[in-house]
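Participant: The numbers in our numbering rise by one with no breaks, and the one at position 79 of the sequence shown is 1331. Glycine is no exception: its CB is placed at the ideal position from the N, C-alpha and C atoms. Sharing a structure below in structure tokens format, with a few things to ask.
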Amino acid sequence: MASKRRADSSAKEEPAAKRSVSSKQHLLKLYGKNKPSNQKLRAVDTFSKGMNLSEIARELGVQRPTAEVYLIDALLAGQEVDHERLGNLIGVSDESFLLLREELFSKTRLSEVKQACPGFEYNQIRFVLACLIRDLEM
């Protein structure tokens, strides 16, 4: 009887594992392309030195939202980025993280998430998306 329970429980786990891979693929598709660049590496370097987003933008000669994208893309690519600090700087609270997480798993396009959550900027949505892909929580 015990072996039957193990067989039943492993049968239940298999679809969950497939869903997990499917969920990760869904999230990667939502995120889109992420190409490496020297600017992104410079953004990570300046961020790790304690600069805020406005200072990083000024240092790189870009607008603040572009500096945010560089750091979010670097985070997704596996660079050492303090995601909690970045989330705080772009205005993602624990509560908003949870809300956006639910929307990201239920929508097929970022524009649908933006429409469902009009109070959020695209970079906030992309930040949560990058964290989910990397299995990071706030």
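Who are the Cβ neighbours of L1351 in its own chain at under 6 Å, not counting the five residues just before and after it?
Facilitator: Contacts found: none.
Participant: In the structure shown, what three-state DSSP assignment does T1360 receive?
Facilitator: If DSSP states are grouped into helix, strand and coil, T1360 belongs with coil.
Participant: Give the DSSP-derived three-state secondary structure of S1289 in the structure shown.
Facilitator: Coil at S1289, not helix or strand.
Participant: One question on the structure: do Q1376 and V1344 come within less than 7 Å of each other, judged by their Cβ atoms?
Facilitator: Yes, Cβ-Cβ distance for Q1376 and V1344 is below 7 Å.
Participant: List the endpoints of the continuous alpha helix (DSSP H) containing L1381.
Facilitator: That run of the alpha helix (DSSP H) goes Y1374 to I1385.
Participant: When burial is assigned at 16 or more other CB atoms within 10 Å of the CB, is F1372 buried or exposed?
Facilitator: F1372 is buried by the Cβ-count criterion.
Participant: For K1287, count neighbouring C-beta atoms within 10 Å of its own C-beta (all shown protein chains included) and say buried if the count is 16 or more, exposed if not.
Facilitator: That one is exposed.
Participant: Does the pairing of the stretch 1347 to 1361 with the stretch 1304 to 1324 give three or more beta-carbon distances under 8 Å?
Facilitator: Counting Cβ pairs under 8 Å, fewer than three are found: no touch.
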